[in-house]
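Protein chains in written order, with this note's numbering: chain U, 2 to 230; chain B, 97 to 121.
Glycine included, C-beta positions come from ideal geometry on N, C-alpha and C.
Read through the structure below, which is laid out as structure tokens, and then see the notes.
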């Protein structure tokens, strides 16, 4: 019963890089005596990024994120981070600084993005309103391919149309234009630097992910909160 | 559970990611 699909074309990462896309990686500068300790952290959307940002705040400031309004913890360039974090722009001499990247099983991640962003019982209606038309347009599918949600305005997708749309987008070599939640992970953290050059590449499910994050950012791990629930 | 065509599409669109960092999962 196996379905054989025509092979997808080989995506030209070099052409994508020339578009000027900047990976969402973050340079963390922590005072260390008279100097500053510099590290790089990067994690994709749908890879536990919100939880990791909260942990990063606790590591840097010694307390949980105290705010309940905008700007959210995910806005790492907001004033609430006291200028400790900036978007990484320089990738030369990358290996001189410790670095931390989080990956997620690609199939699990895409199905998680489906459940929270585009399906007809979505968790995030504002994102669905924005993302479903984007996916249809990139795939070249008509709005008639989508469904009408019962829980809000706009359009939603069933699993088959969602995967068909993503497949068509990859067929057209347009995956570099996908929203961060669907963008292949190798087009973000690893666009400029392969996984082998990062100090730590881990998953959110790793028991010592937070210890590793502490170790990279502070140069030491307090050994507390090492497990990540 | 995904249908066979859905599974095949998911396999195809994630193949490159697995080849690049699958060993870290």
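Would DSSP call residue 48(U) helix, strand or coil?
In this structure, residue 48(U) counts as coil in the three-state DSSP scheme.
Please report the residue range of the beta strand (DSSP E) in which residue 108(B) lies.
Where residue 108(B) is concerned, there is no enclosing beta strand (DSSP E), although the alpha helix (DSSP H) it sits in stretches over 100 to 117.
Does the region 159 to 167 of chain U come close enough to the region 12 to 32 of chain U that 3 or more CB-CB pairs lie under 8 angstroms?
Contact between the region 12 to 32 of chain U and the region 159 to 167 of chain U is absent, with fewer than three C-beta pairs closer than 8 angstroms.
Rounded distance between the beta-carbons of residue 105(U) and residue 45(U), thought under 8 angstroms:
About 7 angstroms; that satisfies the 8 angstroms criterion.
So, with DSSP's three-state summary, where would you put residue 174(U)?
The answer is coil: DSSP assigns residue 174(U) none of H, G, I, E or B.
Does any CB atom of chain B fall closer than 9 angstroms to the CB of residue 135(U)?
False, the Cβ-Cβ gap to chain B never drops below 9 angstroms.
Identify each residue in the region 6 to 35 of chain U for which the Cβ-Cβ distance to at least one residue of chain B is less than 8 angstroms, and report them in chain order.
For the region 6 to 35 of chain U, the set of positions with a beta-carbon nearer than 8 angstroms to some beta-carbon of chain B reads 6, 8, 9, 12 in chain order.
Report buried or exposed for residue 140(U), applying the criterion of at least 16 other Cβ atoms within 10 angstroms of its Cβ.
Under the 10 Å beta carbon count, residue 140(U) is surrounded by 16 or more other beta carbons and is classified as buried.
Can you grab the Cα-Cα spacing for the pair residue 3(U) / residue 115(B), in whole Å?
Roughly 21 angstroms separates the two Cα atoms.
Quick one: measure Cβ to Cβ for residue 112(B) and residue 134(U), integer angstroms, because I've assumed they're closer than 8 angstroms.
The Cβ separation is near 26 angstroms, so there is no contact.
Since residue 198(U) contacts residue 96(U) with CB under 8 angstroms, what's their CB separation in whole angstroms?
A Cβ-Cβ distance of about 6 angstroms is found for the pair residue 198(U) and residue 96(U), placing them in contact under the 8 angstroms criterion.
Interface residues of chain B facing residue 182(U) [CB-CB closer than 8 angstroms]:
The CB of residue 182(U) never comes closer than 8 angstroms to any CB in chain B; the least such distance is about 14 angstroms.
Quick check on the burial criterion: 16 or more other C-beta atoms within 10 angstroms. Buried or exposed for residue 149(U)?
Exposed, since its Cβ has fewer than 16 Cβ neighbours within 10 Å.
By Cβ distance below 7 angstroms, which residues in the same chain neighbour residue 48(U) in space, the five residues on each side in sequence not counted?
Non-local C-beta neighbours of residue 48(U) in its own chain, meaning closer than 7 angstroms and more than five positions away in sequence, comprise 103, 104, 105, 110, 205, ordered along the chain.
What's the gap between the Cα of residue 35(U) and the Cα of residue 212(U)?
Approximately 25 angstroms, taken between the alpha carbons.
What residues of chain U sit near residue 97(B), judged by a beta carbon separation below 9 angstroms?
Near residue 97(B) there are no residues of chain U at all, since even the closest Cβ is about 10 angstroms away, more than 9 angstroms.
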